[in-house]
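Letter 111 of the sequence shown, counting from 1, is numbered 111 in the UniProt record's numbering, and no numbers are missing.
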Amino acid sequence: MADLPELPQDFSYSAEHEWVNASAGAVTGSTVKVGITAVAADELGEIVFVDLPAVGDTITAGETCGEVESTKSVSDLYSPVTGEVVAVNEAASDDPGIINSDPYGEGWLFEVAVSAAGELMDAAAYAEATT
């Protein structure tokens, strides 16, 4: 990808194109928001439906925890962290297009009280892996 969208530098990223709004060292023991990257949103195209984990669900880093459906395809959503889901973004469920228009802000998907981080990269490493 020649023109990689600008990445928030203080976020962490998974190889499966999910983000966590904390640096990799600050993830464990905190509550973080999770979403998909602009790279994933661009590749999916117009997102029309999301299936998110429920509040109270325990999710495991590297395992599927939902789906993102676009006009092109359905893609599994992988958790970048292990922990308990404490909130879901109802706005993203009601209007999945906000994931395309603001993937790092209003398009967040769910919040997790983290017990363990998965394999996460900083923005530079993620950018390198996706080019």
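Glycine residues also receive a C-beta, built at the ideal position from the N, C-alpha and C atoms.
Under 8 Å between C-beta atoms of residue i and residue j
i     : j      : result
Val85 : Pro53  : yes
Ala41 : Ile47  : yes
Ser30 : Asp122 : no
Ile36 : Val88  : no
Ser14 : Leu44  : no
Neighbour-count burial assignment, residue i, 16 or more Cβ in a 10 Å radius
i      : result
Glu18  : buried
Ala22  : buried
Phe49  : exposed
Leu7   : buried
Ser79  : buried
Gly105 : exposed
Ser70  : buried
Val20  : buried
Ala124 : exposed
Ala129 : exposed
Val55  : exposed
Ala92  : buried
Gly97  : exposed
DSSP state of residue i mapped onto helix, strand, coil
i      : result
Glu18  : strand
Ser115 : strand
Integer Cβ distance of residue i from residue j, believed to fall under 8 Å
i     : j      : result
Thr58 : Val114 : With a Cβ gap of about 11 Å, Thr58 and Val114 do not count as contacting.
What residue ranges within the UniProt domain "Lipoyl-binding" (31-113) form continuous alpha helix (DSSP H) runs of no fewer than 4 residues, ordered along the chain? Taking only runs of at least 4 residues, the alpha helix (DSSP H) segments lying wholly in the UniProt domain "Lipoyl-binding" (31-113) are 38-44, 90-94, 97-101.
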